[in-house]
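Just so we're aligned, residue 1 is where the sequence shown starts under the UniProt record's numbering, counting upward by one. In what follows, a single structure is set out as structure tokens and then discussed.
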Amino acid sequence: MQGVNIRTWNRLLICAVLILFALNIWLVRTLLNATSDVQLLERSDTLRSSHTKEHVQQQAQVLSPDSRPQLCSSSPHIDRNKAIVLGHRKHTKDFLTIGIPTVKRHQQSYLEKTLDSIIQSTSIEEQASVTVVIFSANFDEELNNLLKVELESTYREHFTSGFMQLITAPNSFYPPLENLKQNFGDSKGRVSWRAKQVADYAFLFSYCQGLSEYYLQLEDDVISSPDFVQSIKNYLDVVTYKQWTTLEFSELGFIGKLFRSSELPRLTQFMLFFYEDQPVDYLQKYYNYLNAQEGTFRHAPSLFQHIGMKSSLRDKEQELIDKFFEDNARKYHADNPPAVLYSSMEAFSMYTPQLAYSSKPGYFWGKTPITGDTFLLVFESPAHLSRVVMETGSEKNPDDYLRSGKLEASPVVMMHSLDGTPRCADYRSIGKFTDGRLDVSDLETTLDFKTTCLQITITKSQQQWLLIKEIAVWVHR
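Below is the structure:
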């Protein structure tokens, strides 16, 4: 009987905790919906800055606890003309703004690698509809000036064109960064460091309002995959009818997170209100929850990879690697005439058949192929082929190669099945896979017809999934 009573009290206690949690969420959401921006209260003094001080706790002046940002009806006052120190704001609204906060690291800088990667991964046309906003977030004015000189020398043409902007924030923007809550068992220095990070993001969000239709958050130590802008546009089409607050293009932290720019005022507000309570990636997840986003909308493969081993927090190393990132360019420079691809195997996540044939990073990843499964490529126009190469498995997933399969060519599409998959006829076998790879050449002499379909057929079931890394097709001229 006593055990029953204890269980009953436990259930009642759990219910009470859940009710209190739900009430807390409702109150926060009500506050967020009732206001569109945040205003920081007057501060008694500005923050001190000194490049000789080792971290935020030593840089920031102790301010009154009463100066914690409050929810109110107007946004933090940001003089955008004073904030921008290189480049200029465009007169038209862009498709995308990329925000990159950066601070001086004690041992190594990755910012130029990050910027070079973005430049190399975007076309001239894309750069005309994208703005990269670099936020030099040092409290030390001398460090900000040094970065300005370096970036102006290296990327002058991109600042002149409006593709890049460099901004800084007044120290008076920041809330108190000392005597904060020590959540998660973090040291005072670490708490101050991550609290400043959250405030940095809030300044970026506030500055970037109205620049574009979408806002993408990156870090100063990442590289980009080729054509990432087009990949983002394609994914936006996929989720057109979904209810989303954040789209993710990397599995790591706060890297590669995309928001509608219309969301930035409330996101600014949210970050400043909870800046000392949680790390920024935790706050982003809570923000999604408060906005009723169900699940995670993550593009696969990831479009951004973390490369920074030395953190901006002194003596902190972080070997964070996104295992879903694919940065490798195609191995073969083939013709790959326009085609549509189909598979009877269920694709994992967004690793669709088309990725194995596209020039963009990615591959097809099918679940547990069985005998008789097919992977079909149908050309938009029949073509005389000279060579076909197909490679399966990858460095990260070496076991997911095709153990037993054949490739056939067909000159004609006869009909479509009920699920919309074309059915080709008069197949001719042109090769078999060996150790997950196939390479057939001289097809202009062995095939006496223009090829309309190429089909891989699984000839033996396997427990491992099938990853088709690359399909390369050459046309005889």
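Ideal Cβ positions, reconstructed from N, Cα and C, are used throughout, including at glycine.
| Check | Outcome |
| --- | --- |
| Proximity of threonine 371 and isoleucine 458 at Cβ, strictly below 8 Å | yes |
| Local conformation of aspartate 399 per DSSP, three classes | coil |
| Nearest to asparagine 288 (by Cα), restricted to the options Arg266, Glu276, Phe304, Tyr275 | Arg266 |
| Beta-carbon proximity check, residue 525 vs alanine 425, cutoff 8 Å | The requested residue 525 does not occur in the structure, where the chain is confined to residues 1 to 477. |
| Separation of proline 176 from serine 64, as counted between CA atoms | Legend: pLDDT at serine 64 = 35, less than 50; position of this residue unreliable, value from coordinates given subsequently. Cα-Cα distance, rounded: 7 Å. |
| Enclosing beta strand (DSSP E) for glutamate 408 [first to last residue] | 405-410 |
| Within 8 Å, strictly: CB atoms of phenylalanine 324 and serine 343 | no |
| DSSP bridge partner residues for lysine 432 (one or two, in chain order) | Lys406 |
| Among Phe449, Ser417, Met164, Lys181, the one whose alpha carbon lies nearest that of glutamine 278 | Lys181 |
| Range of the contiguous alpha helix (DSSP H) that encloses residue 563 | The requested residue 563 is not part of the displayed model; the chain covers only 1 to 477. |
| Simplified DSSP assignment, three categories, for tyrosine 324 | According to the sequence provided, residue 324 is phenylalanine. The question's tyrosine does not apply to it. Three-state result, phenylalanine 324: coil. |
| Rounded Cβ spacing between methionine 271 and leucine 258 (contact assumed at less than 8 Å) | About 16 Å; that fails the 8 Å criterion. |
| Cβ neighbours of valine 388 in the same chain (closer than 6 Å, five flanking residues each side left out) | Val440, Val473 |
| Tyrosine 363 - DSSP class collapsed to helix/strand/coil | coil |
| Cβ neighbours of residue 494 in the same chain (closer than 8 Å, five flanking residues each side left out) | With the chain represented from 1 up to 477, any question about residue 494 goes unanswered, as that position is not in the structure. |
| Whole-angstrom C-beta distance between serine 261 and tyrosine 215, which should lie under 8 Å | 5 Å |
| Proximity to aspartate 373 [Cα-Cα], best of Ala347, Ala383, Gln269, Asp322 | Ala347 |
| Simplified DSSP state of isoleucine 223, which is helix, strand or coil | strand |
| DSSP-derived helix/strand/coil call for glutamate 42 | For glutamate 42, the predicted model reports a pLDDT of 35, less than 50, meaning its position is unreliable; a value from the coordinates is still stated below. Glutamate 42 falls in the coil class under three-state DSSP. |
| C-alpha gap between tyrosine 286 and glutamate 294, whole angstroms | 12 Å |
| Spatially closest choice to leucine 376 from Ile456, Asp200, Arg403, by CA coordinates | Ile456 |
| Cβ-based burial, threonine 246 [other Cβ within 10 Å; buried from 16] | buried |
| Residue range of the beta strand (DSSP E) that includes arginine 89 | Neither: arginine 89 is in no beta strand (DSSP E) and is coded neither H nor E. |
| Alpha-carbon to alpha-carbon, tryptophan 465 and proline 301 | 16 Å |
| Own chain, CB closer than 7 Å to serine 153, minus 5 neighbours either side, in chain order | none |
| Inter-residue Cα distance where the pair is arginine 194 and glycine 431 | 57 Å |
| The stretch 108-122 / the stretch 222-239 touching (three or more Cβ pairs under 8 Å) | yes |
| DSSP bridge partner residues for isoleucine 100 (one or two, in chain order) | Ile134 |
| Range of the contiguous alpha helix (DSSP H) that encloses serine 381 | Segment 374-383 is the beta strand (DSSP E) holding serine 381; no alpha helix (DSSP H) there. |
| Cβ-based burial, leucine 147 [other Cβ within 10 Å; buried from 16] | buried |
| Straight-line Cα distance separating isoleucine 118 from glutamate 54 | At glutamate 54, the pLDDT of 40 sits below 50, so the modelled position is not reliable; the number obtained from the coordinates is stated separately. Their backbone Cα atoms lie some 30 Å apart in a straight line. |
| Span of the beta strand (DSSP E), counted from its first residue to its last, around histidine 306 | 304-306 |
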